[in-house]
Amino acid sequence: MRAYHLPAKGAEPLLTDLPRPTPGPGEIRVRIAACGLNFADLLMIKGAYQDTPEPPFTLGMEVAGTVDALGPGTDGPAPGTRIAVFGGQGGLADYGCFPAARAVPLPDAMSFADAAAFQVAYGTSHVALDHKARLQPGETLLVLGAAGGVGLTAVEIGKQMGARVIACARGADKLAVAQEAGADHLIDAATQDIRDVCRALGGVDVVYDPVGGDQFTAALRACNPEARILTIGFASGDVPQIPANHLLVKNITVMGLYWGGYLKFRPEVVTQSMATLFDWYAAGRLRPHVSHLLPLEQAAEALDLLRLRKSTGKVVVTLT
Ligand SMILES: NC(=O)c1ccc[n+]([C@@H]2O[C@H](COP(=O)([O-])OP(=O)(O)OC[C@H]3O[C@@H](n4cnc5c(N)ncnc54)[C@H](OP(=O)(O)O)[C@@H]3O)[C@@H](O)[C@H]2O)c1
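Here this note's numbering is used: the first residue of the sequence shown is 156, the next is one more, and so on.
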């Protein structure tokens, strides 16, 4: 089978031919139809992601496809079931083996592309805004990187939860995508001062930050008393250093949020969140935005779209 594989630490990934894997106990084998790309794939190639497997391994963290075989002692989902599953690796291949317990059966109307784009992005934003920050109706939510994979879902979910949403992204095209997802106010990160615009709008109660660096600092300065800042990621490459005295004076809380961590230490948080998100999807309340769909042969180009900040929402690689 074809697989987009990282052969060794520091090596370039390459499309290669590997034997079809055999599912182990508690696993399903999936005939993969689509794999959603994540910023973490770029970090894994550099060995800079917190959960990078030991190479060699196949890239691709989340997939959608059809169950093809069950491992020993695995009682479902039955072969033929359309599912989405987060494996953390192994998704950019024709077949992959993943934990059966994490497989989510898909509604008939959900395309494989939507399903492959769904779990990490919506799951992260929903657990962050609901379980962690307890975002309340009428609060003001500032979303940084608001046209990116996770950022765009934070805009949509923030609106679903009744917040007023300020979306920050770079350039008119990306801001138009955030507005389409429901943002009430827009900030162009390339030309506008995040702190000044937010202050003029009355300050912010919750910050969703997948970017870090200078944008984190500006957002901190735009916070109202008792604001919550969700640290989601560092797409800028700059991990913020936080002056704790600023937190004290304004009664601000900074919260780290790692969705993959919940899968390990409290999987029920993810399961409950996913059930809500699939209900919202079925009710037409969420509309996954996939800016690019590319075949596996173009996996390198697909990753470049993320690396060069050319995508909006998600990039999905198709395998059939
Ligand atoms: N904590 C978690 O559980 C979790 C889950 C998923 C992702 N993440 C993290 O969240 C971050 C974003 O992930 P994503 O999948 O949404 O990525 P993405 O689709 O590439 O979006 C990242 C956004 O960050 C902005 N950005 C600002 N400075 C950047 C820079 N120097 N390089 C690249 N992008 C920059 C870009 O927006 P503009 O061009 O508009 O500035 C881009 O749209 C990553 O750090 C990722 O690891 C964390």
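Don't be surprised by glycine CBs; every beta carbon is placed ideally from N, CA and C.
Proximity to PRO211 [Cα-Cα], best of ALA318, ARG319, ALA166, LYS287: ALA166
List in chain order: all unbroken alpha helix (DSSP H) runs of 4+ residues lying wholly within the region 267-354. 267-271, 274-281, 304-315, 327-335
Of the listed residues GLU456, ARG440, THR426, nearest to GLN274 (C-alpha basis): With distances taken between Cα atoms, GLN274 lies closest to THR426.
Go through its chain and collect everything with a Cβ distance to GLY317's Cβ below 7 Å, but skip five positions before and after it. PRO292, GLY293
Would you kindly check if the distance between the Cβ of GLY300 and the Cβ of ALA365 is under 8 Å? Here residue 365 is Pro; the residue named in the question, Ala, does not match the sequence. Going by C-beta atoms, PRO365 is nearer than 8 Å to GLY300.
Three-way DSSP call (helix, strand, coil) for GLY230 in this model: Before going on, a small fix: residue 230 reads as Asp here, not Gly. Here ASP230 sits in coil by DSSP.
Are the beta-carbon atoms of GLY246 and MET216 separated by less than 8 Å? yes
PHE253 - DSSP class collapsed to helix/strand/coil: strand
Which residues in the same chain as ILE321 place their Cβ atom closer than 8 Å to its Cβ, once the five residues preceding and following it in sequence are excluded? THR295, LEU296, LEU297, VAL298, ALA338, ASP339, HIS340, LEU341, ILE342, VAL352, CYS353, LEU356, VAL359
Contacting residues, own chain, Cβ-Cβ under 7 Å from ARG440 (five flanking each side not counted): GLN315
Which residues in the same chain have their Cβ closer than 7 Å to the Cβ of PHE194, if we skip the five residues on either side of it in sequence? Closer than 7 Å at Cβ, skipping near neighbours: GLY304, GLY388, ALA390, LEU461.
Among HIS401, PRO262, GLU335, ARG325, which has the Cα closest to the Cα of ASP348? ARG325
Looking only at DSSP bridge pairs, what is TYR363 linked to? VAL298, LEU385
Residues of its chain near ALA264, where Cβ-Cβ distance is below 8 Å and the 5 sequence neighbours each way are ignored: ALA437
State buried or exposed for LYS465, treating a residue as buried only when at least 16 other CB atoms are found within 10 Å of its CB. exposed
Have a look at THR221, ALA233, SER280 and flag the residue whose alpha-carbon is nearest the alpha-carbon of GLY251. THR221
Minimum length 3: unbroken beta strand (DSSP E) runs contained in the region 163-218: With a minimum length of 3 residues, the continuous beta strand (DSSP E) runs that stay inside the region 163-218 are 169-172, 182-191.
With distances taken from CA atoms, which of VAL259, ALA309, ARG175, GLY368 is nearest ASP249? ARG175
Please state the DSSP three-state secondary structure of HIS401. It is helical.
VAL332 and PHE253: beta carbons closer than 8 Å? no
At a cut-off of 7 Å, would you count THR279 as near ligand 1, judging by its Cβ distance to the nearest heavy atom? yes
Answer with buried or exposed for PHE433, where buried requires no fewer than 16 other C-beta atoms within 10 angstroms of its C-beta. buried
Taking all protein chains shown into account, do 16 or more other C-beta atoms lie within 10 angstroms of the C-beta of ARG442, making it buried, or fewer, making it exposed? exposed
Can you tell me which of ALA454, GLY367, CYS378 puts its alpha carbon nearest to the alpha carbon of THR386? GLY367
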